[in-house]
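What follows is a short report on a single structure.
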RNA sequence: GGUCUCGUGGCCGAGCGGUUAGGCACCGGUCUGCAAAACCGUCUACUCCGGUUCGAAUCCGGACGAGACCUCCA
């Protein structure tokens, strides 16, 4: 039961298009992963969380998905001044460790973060350093096809030559003759024949910590070629979806297209998807703005940006309330709102098991369920999905109050749909109990004593227990069914 | 400087030509010994100025403002 109505926004065309996979029922998806010269920050995580949601909905829709997300562990080697800059190497020297050691260290953290934020593991997470040979072969193909040239041990992509046959700038909308004026005056690029040419292979610099042999001498691969090499190896010359952060659109993705065309004669992906940036307190997350924090710090409450810790589920829920193509502003207020909203959603879902079925249903469950699919089929509109889920929450609560009815079969259908969308599609975990095994019987005793006092109208004692628990951080809730605590 | 995106109520954030987005907060109610919690309900909008249209938050033009990319970047 593949979702045939799925529409997705293609950055290549700038509009929503019906999703038509290359091979019926199968999807190949490549997403640019992290560069592990430092810990991935919360902004990085938003992109991966968004693509996790996209991956999840494709799976949920019945597609067989091969999801490749690379790990960049080879340094990006050039900066605007043409100097060799190996960011992984620089970080390693600072910490006095080998570059592989630092990459390994951050990779372990990244894997842990994926578990914490409930990301499904991709089908494959290939690393750049394990695919140097493939990158060299890809560069050789581009050279054979005449779209690159060798200078002094380095290889550059020939953008002008490429433009004779293909359109450079097709993704980002940039035009070569305009690019030159747009580009700020840059020096020290004498090796390049043309300002827009980019490195495929860069001759080794004495300070490089990572050096490989190649037909052009010792050196390391250019920044863009790893994705072309690995996407081709695992997904083929052409696949369905290529994703990444908005900031990778140019030049990285543009150059990937050029490389793929140059080597294999085709744009690698049918659909290009770009996730938008995360803002914190109104600005793009950045060390210089002082609004930079790590994904584990928000959970531990160890960032001074927020006054309290927030659960990974809450952070994820907050992110799902914004569309993946919109910027999202994370603030104390937005997180607190998400925390309460998520608790409301969560409570209603747990209520589903306790509902009393009726002979007849007072509203159309199918219509409600369909609205979930409609939202997600419209370019993965998770915020609208959540709005529709809250409509379900309202209905569930009304049933609980005896103001709406649902048959046992309808309750069961609703439950499957709602849990499916919340847990499998949005990747949120419901009903994760936090009660301590030793505390539970103690609380039972304490609440029993309080109930005893209450039935004797001994309000002094009952309130003393309630206030005492509150002081210990335990909140109790009285209801018709009894007293619960958390 | 160039290219592009965006400006929605107290906050976050959907919608993108006519129909309630939603969450949080506020307010009203139900429940309760009281309170909290929970639940139900209500109210606050579309930066400004023109234009197109029977009708615009939604399309077009302009102004102002914010941001992204052009250089490593999710």
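Residue numbers (this note's numbering): 24 to 509. Glycine residues also receive a C-beta, built at the ideal position from the N, C-alpha and C atoms. On a predicted model such as this, the values are computed, not experimentally measured, just so you know.
Unbroken beta strand (DSSP E) run spanning residue i, endpoints
i: residue 475; result: Residue 475 -> not in any beta strand (DSSP E); alpha helix (DSSP H) instead, spanning 462-478.
i: residue 242; result: 242-244
i: residue 177; result: 177-180
i: residue 345; result: Where residue 345 is concerned, there is no enclosing beta strand (DSSP E), given that its DSSP letter is neither H nor E.
i: residue 161; result: Segment 155-167 is the alpha helix (DSSP H) holding residue 161; no beta strand (DSSP E) there.
i: residue 171; result: 171-174
i: residue 499; result: 499-502
i: residue 452; result: No beta strand (DSSP E) contains residue 452, which DSSP labels as neither H nor E.
i: residue 445; result: Per DSSP, residue 445 belongs to no beta strand (DSSP E) and is neither H nor E.
i: residue 49; result: 49-54
i: residue 31; result: 30-33
Other residues of its chain near residue i: CB distance less than 7 Å, five sequence neighbours each side excluded
i: residue 452; result: 141, 336, 446
i: residue 398; result: 404, 407, 408, 411
i: residue 146; result: 89, 90, 91
i: residue 80; result: 399, 403, 448
i: residue 67; result: 57
i: residue 306; result: 312, 314
i: residue 361; result: 337, 340, 341, 344
i: residue 269; result: 297, 298, 299, 300
i: residue 477; result: 485
i: residue 263; result: 44, 45, 50, 51, 52, 292, 293, 294
Per-residue DSSP class, three states only, for residue i
i: residue 89; result: strand
i: residue 225; result: strand
i: residue 39; result: strand
i: residue 216; result: coil
i: residue 490; result: helix
i: residue 129; result: helix
i: residue 95; result: strand
i: residue 235; result: strand
i: residue 313; result: coil
i: residue 123; result: helix
i: residue 354; result: coil
i: residue 190; result: coil
i: residue 484; result: helix
i: residue 152; result: helix
i: residue 62; result: coil
i: residue 102; result: Unreliable positioning characterises residue 102 in this predicted model, as indicated by a pLDDT of 36, which lies under 50. A coordinate reading is not provided.
Residue range of the unbroken alpha helix (DSSP H) whose run includes residue i
i: residue 505; result: No alpha helix (DSSP H) contains residue 505, which is instead part of the beta strand (DSSP E) from 505-508.
i: residue 80; result: 65-83
i: residue 319; result: 318-323
Per-residue burial, residue i [other beta carbons within 10 Å of its own, 16 or more giving buried]
i: residue 106; result: Note that residue 106 scores 44 on pLDDT, short of 50, meaning its location in the model is unreliable; the coordinates nonetheless yield the value given after this. Residue 106 comes out exposed.
i: residue 279; result: buried
i: residue 295; result: buried
i: residue 131; result: exposed
i: residue 482; result: exposed
i: residue 475; result: exposed
i: residue 182; result: buried
i: residue 33; result: buried
i: residue 479; result: exposed
i: residue 233; result: buried
i: residue 363; result: exposed
i: residue 237; result: buried
i: residue 225; result: buried
i: residue 425; result: exposed
i: residue 252; result: buried
i: residue 390; result: exposed
i: residue 201; result: exposed
i: residue 275; result: buried
i: residue 127; result: exposed
i: residue 133; result: buried
i: residue 137; result: buried
i: residue 433; result: buried
i: residue 185; result: buried
Chain-order list of residues whose beta-carbon lies under 8 Å from that of residue i (same chain, five-residue window excluded)
i: residue 383; result: 428, 430
i: residue 550; result: Outside the shown range of the chain, which is 24 to 509, sits residue 550, and nothing can be said about it.
i: residue 502; result: none
i: residue 30; result: 39, 40, 41, 42, 400, 401, 402
Residue i Cβ short of 7 Å to the ligand COA heavy atom set
i: residue 407; result: Inclusion of the ligand COA in the displayed structure is not the case, the ligand content being empty and no account of it being possible.
Own chain, CB closer than 6 Å to residue i, minus 5 neighbours either side, in chain order
i: residue 385; result: 427, 428
i: residue 221; result: 180, 278
i: residue 82; result: 88
i: residue 507; result: 500
i: residue 320; result: 326
i: residue 164; result: 286
*asked:* Just to confirm the assignment: which complete beta strand (DSSP E) runs, minimum length 3, are found wholly within the stretch 241-311?
replied: 242-244, 262-268, 292-298, 301-303
*Identify every run of the beta strand (DSSP E) within the stretch 362-442, keeping only runs that are complete inside it and at least 3 residues long; order them along the chain.*
none
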